[in-house]
Each structure stands twice: as C-alpha cells, then as structure tokens.
Amino acid sequence: MNTSGGQQKLEEVLSRTVSKRELFFGFLKIGLLGFGGVAPWARHVIIEERRWLTEKEFAEILGIGQILPGPNTMNAAVMIGDRFQGVSGVLLCLLGQMAMPLVIVTSLAVVYERFAAVAEVKAAVTGAAAGLVMGTALKMARNIKLTPLALLVGSIAFVAIGVLAWPLVAVVSVLVPLSVAAAALERRA
Amino acid sequence: MNVGLLLPIARVFAILSLVSIGGVNAVLPEIRRQVVDVQGWMNDATFANLFAISHVAPGPNIIMVSLIGFQLAGLAGLLIATLAIMLPSCWLAFIAGRVVTRWSDQRWIRLLKEGLVPVALGLILASGISMMRTADQDPPAIAISLATAAVVVFSRRNPLWALAAGTCAYVVALRFGLLYHP
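If you're matching them up, the sequences are chains A and B in order. Each step along the first sequence adds one to the number in my numbering, with nothing skipped, and position 159 is 392. Each step along the second sequence adds one to the number in my numbering, with nothing skipped, and position 86 is 80.
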C-alpha cells in the first residue's frame, strides 16, 4: 500500500473529513425528503449541498451499490458511513436514513382510514418523483462527461430495463463485463 | 401482539434481502407471493393498501417491508422486519465497500468502478421511467414528469421546488379531470 500512497492521496485531495454528527443529520435529511426515491436527495445533499464527495465518486459508490442486493442508496449509505467514520458511521447513516420514514409511514398507516386521498396523493407524488429520478440520472451523466462507449452502455441499460423490461440480473451480468471492457479499451483507468 | 410471527417474519425478509438485487422494487412480486400466497398473512387488498401508504411516505422503499411487519405484529414486527430486510444486504455492502477500498490501487478494481457508473446511471433513468408508468400514462401526466426532470437537470435549486411544483400540478390536473383517477 505504501508505494501507491502518493497516488491515493492525490485521488483523495477533493475528499474531506465528515463528522459523525454531520453524517447522521445529512442522512436524516436525505431520508426525510426522499419522496419517491432516495437517490435524487442523496445526490443533492452529498454533492451539491455538503460536498462530501465528487459527482464521480458518488456515481461509483452508487454503481457498486446497484449490483449488490438491497436498495442502491442504502448500500451507498453503508459505504459512505464506513468511508468517513467506520462502523459507527455506517450505523449512524442507516439510522439517520430510516428514522423519519419509519415514523411517517407508521403514522400514515394509523390514520389511513381517515385519509381517503391517499391514492390521489400517491399518483401525484409518484409522477413528480419520477421526473426527479430521471432528471438526477441525466444530470449526473452530464456532469461526469461520459465517454462515447460509456454513453452507449448507459443507453443500452436504460432501454433494456426501462423500455423492454428485461430481467435485471441478466441485463446487469451481461452489461457490466462489457462496460468494464469498454473502460479498458478507452483507457479510462 | 403476535410473538409467534416474529421468527417467520425475520426468516422471510432476511432471505428476500439477500436476493433483492435492484432493490425492493425488483423483488416486489416475490414479496407479494410470500406475504399473500405462501404465508397467508394478508389478502391482496391489504397488501395493495400497504404498498400505497409506503409510497406516499419518504425514504428507501424497504419501508414497505417495515410496514408489513407493523401490520402483522405491531412495533416488534416493525423492528424485526426492518432489521431482517436491512442486515443481510447492508452486511454485504459493508464487505464489498471494504474490499473495493482495500484494493483500490488495483487496475481491475478501478476498471470495475468505471464500468459500473454508466450501468448504474442507465438503471436509475430506467427506474424513473417505470415510476412514470405506474403513476399515469396520460399526456398531461407525462408532461409534468418530464418538466420536473428538466427543472432538475437545468437548475441548481433544491429539488424540493421541482417536487412540490410537480405534485401540485398533478393534483390540479386530477381535480380538473385532465387525468384519469388511478
């Protein structure tokens, strides 16, 4: 590890230390605002608002979280917590992300009988949140400045899952090796 | 409270956690099959209600599983179901994160990270499209979703503005009969 220490430091110039308190409250906010999907809010809070990670670092963490079981943003919370504050950081990020949604969802369930508009609100929030999710993916793709082959891979993933509704595991197992080969071909690493 | 249910709840959701590649939405049909058909814990109508409620609340979509636990066995059920769906996958993510960091100077790890980025972005975009489909498919509904997306792409403002405006436009469109009630 010592020989690569210099390069690693260089890669981490942009990164900063994030305290346990900051992690907890950051993820509390992400959970509280995460209507229809957590990814847009995770990106907003972590990249634009608090600058914990670069766009690229965040996309890589989401990418790893995507091929593992579990929600990609929850896997990202685990990896981000561990990166800044080890195991206690992981626990604080998870607790922060889940605390408010759990309180809200149980309260909603209790008052559900008197809350006839739930289907209407669900459709409205889902429709708007769908835009939020799509906009976030497009914004990240633009900011990262994907190479032509990476753009092609991203488009194939989108069409296969979003348009053709092919099975996710099969698509990912074929596309990830191809995408890695494309990265090697374009000498991106 | 039904204590006897806690163990089956833990077992069903811990297994689902390990296979939930792509998140809870990817295993939603299997969750329904387990909860309604295999275990007989609730009927389809109750399941649909819980699904709707969990989608009005913010947060990771695994809170749907928490809500199922709450419905079955109160607060203890909520806690057990939440831990069962979270622990296995979070544990894997923890190990994977450590492995990637430990060998981050290896070229193959850097290539893997590079290769995963466009796949992840394509899949997030795809999940947005699927959400749009479940919401509504009328032109005004699609226009609202796309306008919200455009605001996010072209503005650095807090996305809460886009979400609030999009939701209001949607409710207004529903009220004035521009959209079919879902």
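We treat Cβ as the ideally placed atom computed from N, Cα and C, and that holds for glycine.
- Message: If the criterion is Cβ atoms closer than 7 Å, does the pair I3(B) and A75(B) meet it?
- Response: yes
- Query: So the alpha helix (DSSP H) H49(B) belongs to, where does it begin and stop?
  - Reply: 38 to 50
- Item | Euclidean distance between Cα positions of K355(A) and A362(A) | 10 Å
- Per DSSP, the bridge partner or partners of I15(B): P302(A), G303(A)
- Is the beta carbon of G16(B) less than 7 Å from the beta carbon of L408(A)? no
- Query: Taking just the CA atoms, how far does A137(B) sit from A370(A)?
  - Reply: 18 Å
- Task: Select from the region 137 to 153 of chain B all residues with a C-beta closer than 8 Å to any C-beta belonging to chain A, and list them in chain order.
- Result: I138, S139, L140, A141, T142, A143, A144, V145, V146, V147, R150, N152, P153
- Task: Answer with yes or no whether the minimum CB distance from K253(A) to chain B is below 7 Å.
- Result: no
- Backbone CA spacing between L261(A) and F88(B) [nearest angstrom]: 20 Å
- Message: With DSSP as the reference, identify every bridge partner of F260(A), one or two as the case may be.
- Response: F260(A) pairs with nothing; no bridge assigned.
- Item | Beta carbon proximity, E427(A) to chain B, threshold 7 Å | For chain A, the structure presents residues 234 to 422; residue 427(A) sits outside this window and is missing.
- Query: When we look at the beta-carbon of Q100(B) and count the other beta-carbons within 10 Å, is it buried (16 or more) or exposed?
  - Reply: exposed
- Message: Which residue wins for smallest C-alpha separation from A390(A), given the options K378(A), A403(A), T380(A)?
- Response: A403(A)
- Message: Just to make sure I have the definition right: I need the residues of chain B whose C-beta is within less than 9 Å of the C-beta of I305(A). Which are they?
- Response: Going by the sequence as given, residue 305(A) is Asn instead of Ile. In chain order: G16, G17, A114, L117, I118.
- When you compare each of L418(A), F258(A), V344(A), K253(A) to M331(A) by their alpha carbons, which one comes out closest? F258(A)
- What residues in its chain sit with their C-beta under 6 Å from that of L295(A), if we drop five residues either side in the sequence? N305, A309
- Task: Could you run through the region 35 to 54 of chain B and flag, in chain order, every residue whose CB is less than 8 Å away from some CB of chain A?
- Result: N43, L44, A46, I47, S48, H49, V50, A51, P52, G53, P54
- Message: Assuming contact is defined by CB atoms lying nearer than 7 Å, are W285(A) and V251(A) in contact in what I supplied?
- Response: yes
- Query: If you check the beta carbons only, do M125(B) and T359(A) fall under 7 Å apart?
  - Reply: yes
- Message: My assumption, with CB atoms under 8 Å, is that M80(B) sits in contact with I56(B). Please give the rounded CB distance.
- Response: 7 Å
- Please determine, among F268(A), A416(A), W399(A), the residue with the shortest C-alpha to C-alpha distance to P52(B). F268(A)
- Query: Leaving out five residues before and five after L266(A) in sequence, what residues of the same chain have Cβ atoms less than 6 Å from its Cβ?
  - Reply: W274
- Under a three-way DSSP split, which group does V246(A) fall into? At V246(A), the pLDDT of 42 sits below 50, so the modelled position is not reliable and the matter cannot be decided from this model.
- Task: Round the Cβ separation of Q318(A) and L256(A) to the nearest angstrom and send it over; I've been treating them as touching at under 8 Å.
- Result: 6 Å
- Give the interface partners of I279(A) over in chain B, defined as CB-CB distance under 7 Å, in chain order. Correct list: empty, because the minimum Cβ distance to chain B is about 13 Å.
- Query: Can you tell me where the alpha helix (DSSP H) with R27(B) in it begins and where it stops?
  - Reply: Segment: none, R27(B) is in no alpha helix (DSSP H) and carries neither H nor E.
- Are G364(A) and T40(B) touching if we call contact CB-CB under 7 Å? no
- Message: If you follow the alpha helix (DSSP H) that I62(B) is in, where does it begin and where does it stop?
- Response: 57 to 96
- If you count every other CB in all the chains shown that lies within 10 Å of the CB of V338(A), and 16 or more means buried, which is it? buried
- Query: In three-state terms, what does DSSP make of F391(A)?
  - Reply: helix
- Task: Taking only the alpha-carbon atoms, compute the straight-line gap between A357(A) and L157(B) and give it to the nearest angstrom.
- Result: 10 Å
- Query: How many Å lie between K372(A) and A342(A) at the Cα?
  - Reply: 35 Å
- Local conformation of F170(B) per DSSP, three classes: coil
- Query: alpha helix (DSSP H) containing R276(A): first to last residue?
  - Reply: 272 to 276
- Taking the alpha carbon of M36(B) as the point to measure from, which residue in S149(B), L(-1)(B), V166(B), T95(B) has its own alpha carbon closest? L(-1)(B)
- Query: Roughly how many whole angstroms lie between the Cα atoms of G238(A) and L22(B)?
  - Reply: Per-residue confidence for G238(A) stands at a pLDDT of 44, beneath the threshold of 50, marking its modelled position as unreliable; the derived number appears in the next sentence. Using only the alpha carbons, I get a separation of about 44 Å.
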